[in-house]
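For the sequence shown, the residue numbers in this note's numbering are 1 to 432.
All C-beta atoms in this analysis are idealised placements derived from N, C-alpha and C, irrespective of residue type, glycine included.
Note that this is a predicted model, so its numbers are computed, not measured.
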Amino acid sequence: MFGTMRNNVGILEIGGVKTTSLVEQYGTPLYVMDLLLIEENILKYKLFFQSKHFKTNIIYASKAFLCKGICQIIEKYDINIDAVSDGELYSIKSSGIDMQRVHMHGNNKSETELEMCLDYGVKSIIIDNEEEIEKLSKNCQLKNKKIQVMLRLNIGIEAHTHEYIQTAKHSSKFGISILDNRIEEIIKKIIEDENLEFLGFHCHIGSQIFEINAFYEAIKIMVKFTKLVSEKLDIIIPEINLGGGFGVFYSVGDTPIDIEYLMTALIKCLEENLEKEQLKIEKISIEPGRSIVANAGTTLYRVGAKKKTFDDTNYIFVDGGMTDNIRPALYQAKYIALVANKMNDIKDELVSVAGKCCESSDVIVKGIKLQKTVVDDIVAICSTGAYGHSMASNYNKLRVPAVVFVKNGRSYLGIKRETYEELVKNDLPIDI
Ligand code: LLP
């Protein structure tokens, strides 16, 4: 149990609110976000990712989970946020926060997205490929605007995480390889473009990474490469962005490094490498997403039916599934489940928690010992705060669940449950 999750006389409580009351008020499935834990995580990053030798910058990766409430938290705690699409840009803008907090990513930014960045006045754009340099420069010229940019590098590190969420393998679609024989030319192109202000290099080696050595290695390469380029091209490079990817605990076998320890270690590693290379850097950024919101999220479902199959698999069927949490089906992700209204009962039933979608892979947790459940019990899946809501779909025309923030005994509806009307609002009859 994370953050403010408690067993209150047999009932799971989060943020001082009983989950049974939450489902009564908001229905199921329901994403519950522990506001205090999100705030604590942000404060830890701010406190421990600090150095006397350079400024630091925390950029929350909004793809992990984005809504107005999250943007309000970003502003309140004075950190920054990234975006990778027109939709994320629009969502952030509509929250009303200062767009100078926004850093724009994406490996295939459209003209519209680049225009939006300039019109909205984002802080910086992280260039992914050569075409983007020209596209962006042309847009700047048209709008008579300059923009700060970084260049995303592929530094060739294979972090040990699920294949789909590794991003810096040589074959990765992201960034430009430091081994590319045109890399110098590409950097020069940016530097010489008067519409672009080159800030430095970015890398992101993958997601859900537990090995600290992968980050040490990334720092070493980034510092070395920055030094090399600054000498070769005789320029001052003020910034480095190391991306995110810090792993969290989902289930047995996960071995995350706590934020305090990890950030202290990364700062030390940065300072040592900068010292070794005799490189002066003004600002270092990181982009944590999952590690800020994952453990703060719990999904509540209602049990609708149970089934024992011919081979003795015991299923509990819940009223959501791969539509609100695609991660088990997509990455074989493992989760912990609890029976939220029977926390004091003995866990003596071996079950699999399956969703209601027409898909055999729609099983959220396979083979877990839980309390004996009956129809209408509440099953909680822990640590669903990242890449749950943000990857939700309408498969089988299921509606995206509501998101409620909880803190100090109060609940705040952050995203309303999708309505039936919203499901069909873009459907048009065709003239046949
Ligand atoms: N920065 C960049 C450039 C990224 O591409 C990502 C994640 C992050 C930061 C944040 O990474 P985090 O701290 O959240 O690990 N859907 C997958 C994760 C995909 C991550 C994509 N990029 C999942 O559910 O595991």
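ask   = Ordered along the chain, which non-local residues of its own chain (more than five positions away) have a Cβ less than 6 Å from that of residue 291?
value = 246 and 248
Opening and closing residue of the alpha helix (DSSP H) in which residue 77 lies = Counting along the chain, residue 77 falls outside any alpha helix (DSSP H), and DSSP gives it neither H nor E.
query = At a cut of 8 Å, does the region 308 to 323 reach the region 349 to 358 through at least three beta carbon pairs?
reply = yes
ask   = Near residue 56, what residues of its chain come up, given a Cβ to Cβ distance below 6 Å and the 5 sequence neighbours on each side ignored?
value = 49, 50 and 284
task = State yes or no: is the C-beta of residue 119 nearer than 8 Å to some heavy atom of the ligand LLP?
result = Relative to the non-hydrogen atoms of the ligand LLP, the Cβ of residue 119 never comes closer than 8 Å to any of them.
key: Cβ-based neighbour list, residue 229, same chain, cut-off 7 Å, excluding 5 preceding and 5 following   = 187 and 237
message = Is the beta carbon of residue 389 closer than 9 Å to that of residue 434?
response = Residue 434 is absent from the model: the chain starts at 1 and stops at 432.
query = What span of residues does the beta strand (DSSP E) with residue 67 cover, start to end?
reply = Premise fails: residue 67 is in no beta strand (DSSP E) and is neither H nor E.
query = By DSSP, does residue 219 sit in helix, in strand, or in coil?
reply = helix
ask   = Where does residue 47 sit, in a helix, a strand or coil, going by DSSP?
value = helix
query = By how many angstroms is the C-alpha of residue 272 removed from the C-alpha of residue 124?
reply = The alpha-carbon separation between residue 124 and residue 272 amounts to approximately 27 Å.
ask   = Can you tell which of 131, 104, 335 and 137 has the C-alpha that lies nearest to the C-alpha of residue 121?
value = 104
ask   = Would the C-beta of residue 31 count as close to the ligand LLP, meaning under 8 Å from any of its heavy atoms?
value = no
query = Does at least one heavy atom of the ligand LLP sit under 8 Å from the Cβ of residue 332?
reply = no
key: Cβ neighbours of residue 376 in the same chain (closer than 7 Å, five flanking residues each side left out)   = 302 and 303
query = Can you give, in chain order, each stretch of the alpha helix (DSSP H) that sits fully within the region 108 to 169 and has at least 4 residues?
reply = 111 to 120 and 130 to 143
message = So, with DSSP's three-state summary, where would you put residue 31?
response = strand
inquiry  = For a test of the three-state rule: what should DSSP assign to residue 296, helix, strand or coil?
reply    = coil
query = Can you give the Cα-Cα distance for residue 218 and residue 361, rounded to whole angstroms?
reply = 35 Å
task = Could you please give me the residues that DSSP links to residue 302 through a beta bridge?
result = 378
request  = Whole angstroms is fine: what's the gap from residue 60's alpha carbon to residue 102's?
outcome  = 9 Å
message = Under 8 Å: does the beta carbon of residue 389 sit that close to some heavy atom of the ligand NAP?
response = Of the ligands this structure carries, namely the ligand LLP, none is the ligand NAP.
message = What I want to know is whether the C-beta of residue 182 ends up closer than 8 Å to one or more non-hydrogen atoms of the ligand LLP.
response = no
Alpha-carbon to alpha-carbon, residue 423 and residue 396 = 11 Å
inquiry  = Among the candidates 113, 300, 366 and 256, whose CA atom is the shortest distance from the CA of residue 28?
reply    = 300
task = Pull up the distance between the alpha-carbon of residue 210 and that of residue 322, whole angstroms please.
result = 25 Å
query = For residue 479, which of 150, 143 and 119 has the nearest alpha-carbon?
reply = The shown model of the chain, from 1 to 432, leaves out residue 479, and the question about it has no answer.
query = What residue range is occupied by the uninterrupted beta strand (DSSP E) comprising residue 410?
reply = Taken as a continuous stretch (DSSP letters only), the beta strand (DSSP E) holding residue 410 covers 410 to 415.
message = I need the straight-line Cα distance from residue 84 to residue 198, nearest angstrom please.
response = Distance between residue 84 and residue 198, taken at the CA atoms: about 19 Å.
query = Which residue comes first and which comes last in the alpha helix (DSSP H) that contains residue 263?
reply = 259 to 277
ask   = At a cut-off of 8 Å, is residue 288 close to the ligand LLP when judged by its beta-carbon and the heavy atoms of the ligand?
value = yes
message = By the three-class DSSP mapping on this structure, what secondary structure does residue 56 have?
response = strand
query = Where does the unbroken alpha helix (DSSP H) through residue 330 begin, and where does it stop?
reply = 327 to 331
ask   = Hey, is the region 107 to 117 in contact with the region 129 to 147, meaning 3+ C-beta pairs nearer than 8 Å?
value = yes
query = What whole-angstrom Cβ distance do residue 92 and residue 62 have, given they're in contact under 8 Å?
reply = 7 Å
ask   = Considering residue 26, what are the terminal residues of the alpha helix (DSSP H) in which it resides?
value = Looking at the DSSP string, the run of the alpha helix (DSSP H) that includes residue 26 is 19 to 26.
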